[in-house]
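Scroll down for the structure; my scribbles are underneath it.
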Amino acid sequence: MTENKLIIGTAPDSWGVWFPDDPQQTPWVRFLDEVAESGYKWIELGPYGYLPNDPTRLVEELKQRDLKVTAGTVFTAFHRGLDQWETAWEPARKVAELTAAMGGEHIVVIPAMWRDDVTGEAVESGELSQEQWNDLFAGHNRMGKVLLEDFGLKQQFHPHADSHVGAQADIEHLLAETDLQYLNLCLDTGHAEYCGASSLELIKNYPDRIGYLHLKQINPDVLARVNEENMTWAAANLAGVMTEPPNGLPDLCAVIEAVEGLNRPIFGIVEQDMYPVAFDVPMPIAKRTRNYLLSCGSRTAVN
């Protein structure tokens, strides 16, 4: 990707896929078929093991549908101590190998959540000590360095609901204490809105750190109830906190205008958390969302 475009893609998440294998999820063959039918050209790998792990087979499956890979996804908990490196790296290495083999350029890195997303019980404090922050910064700088030097991949940190990095101040703290060569943001517009952060302010104030986008919207009425009842992220999804664009916040046309103003190529991946969902629901939403996003910008395209 060399032109200064915002390239719109999609992800298994928009087909209700959260896990490598689950009978409630859209089968991977149907997912790939429907992505292509919906007019997208770029996808993320989703949970490792959902799509075929064999590079030769996956290349062929993608080629048959004229699809390409932007990124893989990994999970970390570096704030829990330096010994977390070994726990994080082995699964991350597998994802990195497959992503690089598919020609992807990015790894989306999601931090651990501080409370159980099913029971809502806290598994640790929602606040980090300075030592824990330092361990988090060091772990991600190290991961970004290894991903770049060993695989040619860029680490895109994904602030996330119910994690320690979601609010505006936490995101800004992360950016201030990490190396821009090894860590930039996967700015998820939905998670930012959910956590009270401003996507537009982050784009304006940290233009060089916006490396990748997840495009989604939040229903503000449902979010008000989520906050009032202190729901978990998973419970909030079941309550309908995610909404199909352009029905929610933030204003994605404003986000796209700001990103186009960066004057460099960047991926914007549609992610609408819908687990669990009936198999016939995702594709019509994917088509409408694609068309809406393409209408928002003059340099926004699917390829």
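Quick note on UniProt numbering: the sequence shown kicks off at 1 and runs consecutively. Idealized CB from N, CA, C, for every residue including glycine.
How big is the Cα-Cα spacing for D135 and W85? 10 Å
Nonlocal neighbours in the same chain, by C-beta distance under 8 Å from L294, ignoring five residues either side: I8, T300, A301, V302
If you draw a straight line from the alpha carbon of M102 to that of V59, how long is it in whole angstroms? 7 Å
Anticipated Cβ contact below 8 Å, V255 with V241, distance rounded: The Cβ separation is near 18 Å, so there is no contact.
Answer with buried or exposed for Q217, where buried requires no fewer than 16 other C-beta atoms within 10 angstroms of its C-beta. buried
Minimum length 4: unbroken alpha helix (DSSP H) runs contained in the region 135-190: 168-177
How is E260 classed by DSSP in three states: helix, strand or coil? helix
How would you label V165, buried or exposed, when you count the other beta carbons within 10 angstroms and need 16 or more for buried? buried
Quick check on the DSSP output: the beta strand (DSSP E) that includes W42 runs from which residue to which? 42-44
Span separating the alpha-carbon of P246 from that of L252: 7 Å
Cross-strand partners of M113 (DSSP beta bridge): S163
Once the 5 residues before and after P27 are set aside, which same chain residues still bring their CB inside 6 Å of it? none
With A92 as the anchor, note down where its alpha helix (DSSP H) starts and where it stops. 84-101
Note the first and the last residue of the continuous alpha helix (DSSP H) segment covering T56. 55-64
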